Every structure is written in structure tokens, then in C-alpha cells.
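See structure below.
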Amino acid sequence: MEYKQIQELIKTINKSNISELSIEEGDFKITIKQELTAQAQYVSMPQPVQIHAPQPAQQQVSLPAAAPAAPAAAPAASANTSTIKSPMIGTFYRSPSPDKPVFVNVGDEVKAGQVICIIEAMKLFNEIESEVSGRVVKVLADDSSPVEYDQPLFLVEPI
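With our numbering applied, the sequence shown corresponds to residues 33 to 191, in that order.
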């Protein structure tokens, strides 16, 4: 089974109510599991309330310098842009290695299928390809930072 097929299976399972899928083809075996109840708990847990209490002080300290640029850019960008989201949980990397240049910068033109970042999951480095063609407007994740499934990574404006 090819890597792209595995990625498509993961995407399909994540969008469905299937909790487990096992496939065997010759010597190749794969089992994909998803806990449906755990996802519902994350949505309904009071944890965001706990997070919001300490964060306002941090946001007030860090946002005043960026406040003029962020609110002006966010509404304009969200109106006519596509969001490229993380297809998995892992660590986000903008370049193939620390000594190599980043895959894409703000202002770069990307094509559908072009590698735009890497996400490391369980010691495997997965190349993430753009699903849309356009110009990168904003990088939403920090290099070497953890990302969640379906977390926005890039804003791309169609050309």
C-alpha cells in the first residue's frame, strides 16, 4: 500500500464514525484506530475555561505590538483564502532539516501537490502537500511546535 493511500484512509476514517480499520495485503498489515469518545470529551471539557483565565495577561503583554497588523490582516485574509490544515497530530517543521531553507515563505506561490511542510509523528517525517494552488498569505504554526489534527497551518490566497 502506498503512502498516499494510507493518508487517504486516515482522512476518511477521521471524517467517519469508524473506530477501527485493519487491512492486510500480503506481508503488509495496518490498523488505524480512532477513539470517538475522546474527541467528544475534548470538545466538551471545561479545559478551555482554565486556559482562558491565565492567558489574557499573556495576550495583553504580547498583542499590543502586533495588534495593528493582526486584526487588519485576519479579516481580509479569511474572506478570500483557503486554510491548509494539519492532517495529523505531530511536530510541525517548515524545512526538511535545520540547515535547509523552508519549503514556503509568506508571498510564495504554491501549487496543489507541492510539499509545504513536514509533520513528525511517531518518529516518522510526513511531507504535507498543499491541497490548493495560490499564494501563501500567512504561516499559522511555529516551526518545531506541536500541532493537532485539523489545526490551521497556512492561509493561501487563490491566484
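Glycine residues also receive a C-beta, built at the ideal position from the N, C-alpha and C atoms. Here the structure is a predicted model, which means the values were calculated and not measured.
The DSSP-derived three-state label of Ile42 is helix. Of Leu41, Glu52 and Glu34, the smallest CA-CA separation from Phe60 is found for Glu34. Relative to the Cα of Phe124, the nearest Cα in the group Gln37, Val171 and Lys43 belongs to Val171. For Ser176, the closest C-alpha among the options Ser51, Val188, Ser129 and Val138 is that of Ser129.
Judged by DSSP in its simplified three-state form, Tyr125 adopts strand. Excluding sequence positions up to five before and after Val169, its CB lies within less than 6 Å of the CB of Ala109, Thr113, Leu187 and Glu189, all in the same chain and listed in chain order. DSSP, reduced to helix, strand and coil, places Lys36 within a helical segment of the structure shown.
Here the alpha carbons of Ile148 and Leu185 stand approximately 10 Å from one another.
Burial is judged here by how many other beta carbons sit within 10 angstroms of a residue's own beta carbon; Phe135 has at least 16 and is buried.
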